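So the protein sequences, as listed, match chains A and B.
Final position of the first sequence in this note's numbering is 222; the numbers increase by one with none missing.
Final position of the second sequence in this note's numbering is 427; the numbers increase by one with none missing.
C-beta atoms are modelled at their ideal positions from N, C-alpha and C, and glycine is treated no differently.
Remember, it's a predicted structure, so these values are computed and weren't measured experimentally.
Data first, discussion second: the structure below is written as structure tokens.
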Amino acid sequence: MIEMEHVWKVYRMESVEVTALKDINLRIDSGEYISIIGPSGSGKSTLMNILGCLDKPSDGKFILNDKNISDYSDRELAHIRNKQIGFVFQMFNLLPRYNAIKNVSIPLLYAGIEGKEMETRSKDALEKVGLSDRMYHRPSQLSGGQQQRIAIARAIVNNPDIILADEPTGNLDTKSGGEIISIFKNLNQQMKVTVVLITHDPSIAQQANRVIKILDGAIVQ
Amino acid sequence: MNKLTYIVTAFEALSSNKMRSALTMLGVIIGVASVILLVSMAEGAKQYILEKFTGLGTNLIIIQPGKIQTKGGSFPVAGIATTHKLTLSDVKAIERQATYVDGVFPMILGALIVKYHDAHADTTVVGVNEQFTKIISMMPSIGGFMTKEESDAGRNVCVLGYNIWKALFADKNPLGRIVKLGNFYFRVIGVMEKKGQAVGFDWDDLVYVPARAAEKLFNTDSLFGIRAKAISKNVINEAVAQITQILKKQHNNNEDFSVVTQESMLSTVDTIMNMMTIVLGGIAGISLLVGGIGIMNIMLVSIKERTREIGLRKAVGANKQDILIQFLIESATLSTTGGVIGMLIGIGGGFIMQSMISGFHISITLWSILLSFFFSAFVGIFFGVYPAYKAAQLDPIESLRYE
Ligand SMILES: Nc1ncnc2c1ncn2[C@@H]1O[C@H](COP(=O)(O)OP(=O)(O)OP(=O)(O)O)[C@@H](O)[C@H]1O
Ligand SMILES: [Mg+2]
């Protein structure tokens, strides 16, 4: 469960102050499937970075699974990202020199899971996204949709509570985008993973349980 | 991550850019190879020189005319003016009075041409006495050395060095033949065993005659020097003191001569050669340092290029320490791999040079190998710290956005 109370995010650059998030109050229950929409620059990614413990709020409380993590150290945040959160990015962010299975297993390295268990868990994750036949391919040998599926496998390999996806279909055509969305749906329904998905596409947003709309750093609905 | 995983990860990253890794390692390879090669050469030269000196026999005491300044060492530096010279009566005095001395012989030196019929050879004639073979560990391989009677009477007899025998007689028996030294005729009584090069001259190019004969030959009574042998290692200092006392009395209480032990000369040589080793090793060490800077440079480039990778690793759970270690291990892997390759090249190159160049000696020392290996590992870590620290400090959000 995620709770945000009066969360602000202000970027200070020399003389200018940019307020990216304004007094955000938000509650996301475990197992929800939520989409976040809003125009460019409205603060969606900023919100997601805080949800994913990559960034800290300038003000306010952020409670993740009953723990106020506003004052956690970098090291503790890294640990939470590793255990509880799975990221999926618009740009896939796969390592080009690694094949699919090695890319998927990166989070396990930092969880201290190695050897045989690492291999079976990575294979399982690839199976869940329907890529068992591409385990030894490198990203450059795969289509955009397939690359994004590897990224999803990487996000789920360490059994996170929450998947955070920032415009995961932004670089894909409608068909492979649809496939990606249905993978998220499956993960949400079958594995009870909380999914938070940022998108510009209203038809994708509508498929969620709940749509949160952001405008100029504030939730409007 | 366990240690092995870190190393595997480092190898994967480095082998994904083989050319660059190889070129980066080249700096370290050259550095380590040259440290090992130069140190081995210097050590080899040192051992060669020491071996040639100790080849003169043990417990040797060297007496030279002239007082040598003995500040900080006692290497006999060439001719500081002498008022008095050493003569054969000094040798006799030592022989009669010095109880700690087991043997003593004079040396009169001169360059001459030695002739036999049509054959001739350039030679250095050494006037000695019958105790020469007892003090210097050398024996004639044909015939014998001069007797006490021949020596005392200054008979015109000679013992040929190996090369001189070959030059004048080919392989024929020279015993009893008459050779011409300058304007004098000498009967050959022996040929010295083959001994080879020493420092600055070749034993096999010498001709030995009685010192009294050499006095006539060169029309001089002043000796090049005197050599004596202490009865044992334990009394070598007593022997030196005794000789000094005897000669002082001979020279009207003037200490216008120098008495040094071979050992003290060797320790001076040792000091000089060690200095050379350190200087050569140090120069090569600088190239290793330059190699380290090359590693730092490449690591900085690599971290720039892999900014998104670093952001991704942080997003999926790597903390600062994980990133720091990952890049430190990469630079340490570069430098130690380079170190091992350089080590093999240095050792191999040394042996190849030794086998190809005659008179070239190397001595590969364990300390130079260990030192250069650990120094290269240290260089990799030292010059890797800054890039790795920079990588660890990167902000994950900005890194993931980096183009
Ligand atoms: N590191 C930063 N420093 C300063 N300002 C920032 C920084 N990151 C974001 N901002 C500002 O915060 C605001 C929100 O940015 P954010 O990236 O969250 O928008 P977004 O909704 O994700 O936009 P898009 O749909 O284009 O991805 C923007 O005005 C942006 O300029
Ligand atoms: Mg965004």
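(message) I need the straight-line Cα distance from A:A79 to A:T195, nearest angstrom please.
(response) On the first sequence, residue 79 of chain A is found 78 positions in, with the first residue counted as 1. On the first sequence, residue 195 of chain A is found 194 positions in, with the first residue counted as 1. Taking the straight line from one Cα to the other gives about 19 Å.
(request) To the nearest angstrom, report how far apart B:T331 and A:G42 are at their CA atoms. (result) Locating residue 331 of chain B in the second sequence gives position 307, where the first residue counts as 1. Locating residue 42 of chain A in the first sequence gives position 41, where the first residue counts as 1. If I take the Cα positions, the gap works out to 23 Å.
(request) Can you give me the Cβ contacts of B:T94 inside the same chain, cut-off strictly under 6 Å, excluding the 5 residues immediately before and after it? (result) Start at 1 with the first residue of the second sequence, and residue 94 of chain B comes out as number 70. Unreliable positioning characterises B:T94 in this predicted model, as indicated by a pLDDT of 48, which lies under 50. The coordinate reading is nonetheless provided below. Correct list: empty, nothing qualifies.
(request) Quick one: which unbroken beta strand (DSSP E) runs of 3-plus residues sit fully inside the segment 168-221 of chain B? Chain order, please. (result) 181-184, 202-205, 208-216
(request) Grab the span of the alpha helix (DSSP H) containing B:E262 for me, first residue to last. (result) For this step, residue 262 of chain B is matched to residue 238 along the second sequence. Run containing B:E262: 260-274, per the alpha helix (DSSP H) assignment.
(request) Return yes when the C-beta of B:G341 is under 7 Å from any heavy atom of ligand 1, and no when it is not. (result) On the second sequence, position 317 is the one that residue 341 of chain B refers to. Answer for B:G341: no, Cβ out of range of ligand 1.
(request) Measure the alpha-carbon distance for A:Y73 versus B:I322 and round it to whole angstroms. (result) Residue 73 of chain A sits at position 72 when you count from the first residue of the first sequence. Residue 322 of chain B sits at position 298 when you count from the first residue of the second sequence. Between A:Y73 and B:I322, the C-alpha separation is close to 35 Å.
(message) I'd like to know if A:P108 contacts chain B, where contact means its C-beta is closer than 8 Å to some C-beta of that chain.
(response) Position 107 of the first sequence, counted from the first residue, corresponds to residue 108 of chain A. Yes, its Cβ sits closer than 8 Å to a Cβ of chain B.
(request) Report the neighbours of B:S40 on chain A: residues whose CB is nearer than 7 Å to its CB, in chain order. (result) Numbered from its first residue, the second sequence carries residue 40 of chain B at position 16. Result: R98.
(message) Looking at ligand 3, does it come within less than 7 Å of A:D167, judged from the CB to the closest heavy atom?
(response) Within the structure as shown, ligand 3 is missing, the only ligands being ligand 1 and ligand 2.
(request) Output, in chain order, the set of chain A residues within a Cβ distance shorter than 7 Å of B:A342. (result) Mapped onto the second sequence, residue 342 of chain B falls at position 318. Near B:A342 (Cβ distances below 7 Å), the residues of chain A are A79, Y111.
(request) With DSSP collapsed to three states, give me the class of B:I104. (result) As a position in the second sequence, residue 104 of chain B is number 80, starting the count at 1. Legend: pLDDT at B:I104 = 46, less than 50; position of this residue unreliable, value from coordinates given subsequently. Reduced to three states, the DSSP call for B:I104 is coil.
(message) Please classify B:A105 as buried or exposed, where buried requires at least 16 other C-beta atoms within 10 Å of its C-beta.
(response) Stepping through the second sequence from its first residue, residue 105 of chain B is reached at position 81. Per-residue confidence for B:A105 stands at a pLDDT of 45, beneath the threshold of 50, marking its modelled position as unreliable; the derived number appears in the next sentence. Exposed, by the Cβ-count rule.
(request) Note down the Cα distance separating B:F225 from B:I159, rounded to an integer number of angstroms. (result) Position 201 of the second sequence, counted from the first residue, corresponds to residue 225 of chain B. Position 135 of the second sequence, counted from the first residue, corresponds to residue 159 of chain B. For B:F225 and B:I159, the distance between alpha carbons rounds to 19 Å.
(message) Please classify B:D146 as buried or exposed, where buried requires at least 16 neighbouring CB atoms within 10 angstroms.
(response) Here residue 146 of chain B refers to the residue found at position 122 when the second sequence is read from its first residue. Exposed, by the Cβ-count rule.
(message) Contact criterion: CB-CB distance below 8 Å. Does A:D30 meet it with respect to chain B?
(response) One-based indexing of the first sequence puts residue 30 of chain A at position 29. With 8 Å as the cut-off, A:D30 does not count as an interface residue toward chain B.
(message) Alpha carbons only, please: which of B:N243, B:L271, B:N261 is nearest the one belonging to B:I250?
(response) By 1-based counting over the second sequence, the position of residue 250 of chain B is 226. The residue with the shortest Cα to Cα distance from B:I250 is B:L271.
(message) Which runs of the alpha helix (DSSP H) at least 4 residues long sit entirely within the segment 308-387 of chain B? Give them in chain order.
(response) 331-339, 344-380
(message) Less than 8 Å between the C-beta atoms of B:A356 and B:G408, yes or no?
(response) If you number the second sequence from 1, residue 356 of chain B lands on position 332. If you number the second sequence from 1, residue 408 of chain B lands on position 384. Yes, the Cβ-Cβ distance between B:A356 and B:G408 is below 8 Å.
(message) Looking at the secondary structure, which residues open and close the alpha helix (DSSP H) in which A:G178 lies?
(response) Here residue 178 of chain A corresponds to residue number 177 of the first sequence, with the count starting at 1. From DSSP, the alpha helix (DSSP H) with A:G178 extends over 175-192.
(request) Examine the Cβ distances between the segment 63-73 of chain B and the segment 263-270 of chain B and report whether three or more of them are shorter than 8 Å. (result) no
(message) Would the segment 156-168 of chain A count as touching the segment 89-109 of chain A if we require 3 or more Cβ pairs under 8 Å?
(response) yes
(message) Let me check understanding here. Comparing Cα to Cα, which of B:M170, B:W227, B:K338 lies closest to B:L199?
(response) Taking the second sequence and counting its residues from 1, one reaches residue 199 of chain B at position 175. Comparing Cα positions, the closest option is B:M170.
(message) Given the structure, does A:S46 come close to ligand 2, in the sense that its CB is under 7 Å from one of the ligand's heavy atoms?
(response) Here the question's residue 46 of chain A lines up with position 45 in the first sequence. Yes, Cβ of A:S46 sits closer than 7 Å to a heavy atom of ligand 2.
(message) Just to confirm my understanding: we take B:F77, look at its own chain, exclude 5 residues before and 5 after, and list those with CB closer than 6 Å. What are they?
(response) The count along the second sequence starts at 1 and reaches residue 77 of chain B at position 53. Taken in chain order, the residues that qualify are L290.
(request) For the segment 210-220 of chain A and the segment 33-49 of chain A, state whether three or more C-beta atom pairs, one from each stretch, are separated by less than 8 Å. (result) yes
(request) State yes or no: is the beta carbon of A:R82 nearer than 8 Å to at least one beta carbon in chain B? (result) Counting from 1 along the first sequence, the entry for residue 82 of chain A is found at position 81. Answer yes: the Cβ-Cβ gap between A:R82 and chain B drops below 8 Å somewhere.
(request) Check whether the Cβ of A:G42 lies closer than 7 Å to any heavy atom of ligand 1, and answer yes or no. (result) The residue labelled residue 42 of chain A in the question sits at position 41 within the first sequence. Yes, the beta carbon of A:G42 sits closer than 7 Å to at least one heavy atom of ligand 1.
(request) For the alpha helix (DSSP H) containing A:H80, list its first residue and its last residue. (result) Translated into the one-based positions of the first sequence, residue 80 of chain A becomes position 79. First-last of the alpha helix (DSSP H) with A:H80: 75-85.
(message) Strictly by DSSP, which residues pair up with B:Q88?
(response) Translated into the one-based positions of the second sequence, residue 88 of chain B becomes position 64. B:S282.
(message) I'd like to know whether the C-beta atoms of B:N83 and B:S256 end up nearer to each other than 8 Å.
(response) Taking the second sequence and counting its residues from 1, one reaches residue 83 of chain B at position 59. Taking the second sequence and counting its residues from 1, one reaches residue 256 of chain B at position 232. Closer than 8 Å, so yes.
(request) At 3 residues or longer, and completely inside the segment 123-172 of chain A: list those beta strand (DSSP E) runs for me, N to C. (result) 163-167
(message) Output needed in chain order: residues of the segment 46-60 of chain A with a Cβ under 8 Å from some Cβ in chain B.
(response) N50, G53, L55, D56
(request) Run down chain D in chain order and give the residues with a C-beta less than 8 Å from the C-beta of A:F90. (result) Considering every chain present, this structure includes no chain D. Its protein chains are A and B.
(message) Buried or exposed, going by whether 16 or more other CB atoms sit within 10 Å of the CB of A:N83?
(response) In the first sequence, residue 83 of chain A corresponds to position 82, counting from 1. By the neighbour-count rule (16 or more Cβ atoms within 10 Å), A:N83 is buried.
(request) Classify B:I132 as buried or exposed, calling it buried when 16 or more other Cβ atoms lie within 10 Å of its own Cβ. (result) Counting from 1 along the second sequence, the entry for residue 132 of chain B is found at position 108. Looking at its Cβ environment, which holds 16 or more other Cβ atoms inside 10 Å, B:I132 is buried.
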